[in-house]
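Okay, structure first, notes after.
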DNA sequence: GCATAGTTCGAACGATCGTTCGAAATTGTA
DNA sequence: TACAATTTCGAACGATCGTTCGAACTATGC
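Protein chains in written order, with the working numbering: chain P, 1 to 201; chain Z, 202 to 402.
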């Protein structure tokens, strides 16, 4: 990896932490300069501007989550694996990644609408693929559910997982794996329960 | 109600919608002037400044949710009502209120850290009472759960409910009551499942 | 009609923001 | 060492922000 790319990566990570702490709009380029040790003008050698910086952070992080999830599920391919098990693997990966990359994921979750135009569209495209992935998993778990309800259930699950940036401390009493297990059990248990309640049984 | 208070209320509601649409920091006082029909300087007759405006919106809305929840539960008091039923009533009220006051609740959920100092503290105090209320309900449902896990479960539930500002359209295919039912079934079903999985049975 | 309190607003201020630019410093190559 | 490419940065610009101020307008009581 070229030294330029390494410095850019380091810059993105530092910036993500500041964005996560103070929020994107409240963070000034001067804050970022102070946090990264670069000069105010120096940052513009690596990034076109503040909004492109946010975009790079979001794009990089989202691509990693998506690729990671696809890779995890690729190891559990085929009809021989329980659909619920695949769903739980997805949840575990998402929560685990979230806990391991708190700053970036908070920026991804909280600043989802801080981009505009082309950049907004590109990030939304990745998001769509990720949501589709989860919806396919839910379809395998509950093939008879109406699509609307399945879609709503997907967003409810994302709510459980993405909200954690508001309260969760990965270094606290609950380690990431335990949290992932808790969320996975709550959702899969309740999702099955909801089905049996609504669709007979 | 004095005309002054009515105009203030109307002002807060209009401002909440703009904050919900564009975000607090991206909204300028000039945007609010245009959206409310008032002049730029005229708004300062009703509000000390931009941050106090956000505080008034959050404080008013949060007080309403808390009071509403307490009132709903007051109608289900005593040991004669199933704890799960009381929990479901809480969920139904929260989701219903959210759907009926989308703008304010989005501002409440998304701009939770946009206040500082005394105002931040006052809103946090109300939030604490509200979280405590839910945790007591969960304690009645699962008395043997460790407090940490119960607290985490509470935040997981809030995640399911508060995330909806990111995707839910109250005028869409899923009406608020159906969404509330879906969330209530997912959580209560899964919460019970999680308990039986973790604590034997 | 007059005085008082309540309400609105045009115009401007100071502060801070993101960004730019050309020069300086550093690194790589012979 | 000499030269070119890459990388850094001090200083400043124009724009926009939240807020202020005093004057002007309106409603109310006498």
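Note that CB positions come from ideal geometry on N, CA and C, so glycine has one too.
Fair warning: this is a prediction, and the values are worked out from it, not measured in the lab.
Taking the straight line between their C-alpha atoms, what separation do you get for residue i and residue j?
i, j, result
"residue 35 of chain P", "residue 107 of chain P", "17 Å"
"residue 331 of chain Z", "residue 268 of chain Z", "9 Å"
"residue 333 of chain Z", "residue 341 of chain Z", "12 Å"
"residue 393 of chain Z", "residue 188 of chain P", "11 Å"
"residue 314 of chain Z", "residue 117 of chain P", "26 Å"
"residue 92 of chain P", "residue 211 of chain Z", "45 Å"
"residue 104 of chain P", "residue 61 of chain P", "6 Å"
"residue 282 of chain Z", "residue 73 of chain P", "44 Å"
"residue 185 of chain P", "residue 384 of chain Z", "15 Å"
"residue 148 of chain P", "residue 30 of chain P", "46 Å"
"residue 391 of chain Z", "residue 14 of chain P", "38 Å"
"residue 286 of chain Z", "residue 119 of chain P", "46 Å"
"residue 153 of chain P", "residue 4 of chain P", "43 Å"
"residue 336 of chain Z", "residue 125 of chain P", "38 Å"
"residue 258 of chain Z", "residue 248 of chain Z", "11 Å"
"residue 121 of chain P", "residue 244 of chain Z", "36 Å"
"residue 254 of chain Z", "residue 366 of chain Z", "21 Å"
"residue 255 of chain P", "residue 357 of chain Z", "Since the first residue shown for chain P is 1 and the last is 201, residue 255 of chain P is missing from the structure and cannot be characterised."
"residue 37 of chain P", "residue 23 of chain P", "20 Å"
"residue 95 of chain P", "residue 241 of chain Z", "45 Å"
"residue 290 of chain Z", "residue 169 of chain P", "29 Å"
"residue 209 of chain P", "residue 138 of chain P", "The requested residue 209 of chain P does not occur in the structure, where chain P is confined to residues 1 to 201."
"residue 101 of chain P", "residue 207 of chain Z", "46 Å"
"residue 299 of chain Z", "residue 45 of chain P", "45 Å"
"residue 123 of chain P", "residue 55 of chain P", "8 Å"
"residue 270 of chain Z", "residue 363 of chain Z", "15 Å"
"residue 402 of chain Z", "residue 181 of chain P", "Residue placement at residue 402 of chain Z is flagged as unreliable, the pLDDT there being 37, under the threshold of 50; the coordinate-derived value follows with that caveat. Answer to the nearest angstrom: the Cα atoms are 17 Å apart."
"residue 359 of chain Z", "residue 352 of chain Z", "11 Å"
"residue 265 of chain Z", "residue 77 of chain P", "49 Å"
So, does the CB of residue i fall closer than 8 Å to a CB anywhere in chain P?
i, result
"residue 378 of chain Z", "no"
"residue 250 of chain Z", "no"
"residue 221 of chain Z", "no"
"residue 286 of chain Z", "no"
"residue 224 of chain Z", "yes"
"residue 401 of chain Z", "With a pLDDT of 41 at residue 401 of chain Z, under the threshold of 50, the predicted position of this residue should be treated as unreliable, though the coordinate-derived value follows. No, residue 401 of chain Z lies away from the interface with chain P (no Cβ there is under 8 Å from its Cβ)."
"residue 365 of chain Z", "yes"
Taking Cβ positions only, does residue i come closer than 8 Å to chain Z?
i, result
"residue 185 of chain P", "yes"
"residue 189 of chain P", "yes"
"residue 44 of chain P", "no"
"residue 17 of chain P", "no"
Quick one: which chain Z residues come within Cβ less than 7 Å of residue i?
i, result
"residue 160 of chain P", "357, 360, 361"
"residue 173 of chain P", "349"
In chain P, what lies closer than 8 Å to residue i by C-beta?
i, result
"residue 383 of chain Z", "149, 152, 153, 156, 194"
By the criterion of Cβ-Cβ separation under 7 Å, what are the contact partners of residue i in chain P?
i, result
"residue 227 of chain Z", "25"
"residue 327 of chain Z", "Within chain P, no residue comes near residue 327 of chain Z; the closest Cβ sits about 16 Å away, beyond 7 Å."
Taking the runs of the alpha helix (DSSP H) that are 4 residues or longer, which of them lie wholly in the region 268 to 351 of chain Z?
284 to 301, 303 to 311, 318 to 342
Could you give the uninterrupted runs of the alpha helix (DSSP H) lying entirely in the region 217 to 246 of chain Z, keeping only those of 4 residues or more?
230 to 237
Which residue spans inside the region 153 to 182 of chain P form an unbroken beta strand (DSSP E) run of at least 3?
none
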